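All residue numbers for the sequence shown refer to our numbering, where the first residue is 3 and numbers rise by one. Notes for the one structure printed next.
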Amino acid sequence: MAIPEIVYYIIGLVLCAFFALWKWNDLKYRRKGLPPGTMGLPFIGETSLFLNSPDFLKRRKALYA
């Protein structure tokens, strides 16, 4: 009975660490003056959105052009 409890604590700790790092990263880059938009995933970026959305380029062109 104690092992599942430990697993829940570890999962909770990992999730808290993930969100803390995510917020820290967001605050760090917001001060850099980057243009608005998503940061995307490292090495992947917005590739999945590009492949799955037929009007991806139209939205980006309307936003940035």
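All residues carry an ideal CB built from backbone N, CA and C; glycine is no exception. Computed from a predicted structure; not experimentally measured.
The beta carbon of F21 sits closer than 7 Å to none of the beta carbons in its chain outside the five residues before and after it.
In the three-state scheme derived from DSSP, where H, G and I count as helix and E and B as strand, G14 is classed as helix.
Membership of A64 in the alpha helix (DSSP H) is indicated by the continuous run F58 to Y66.
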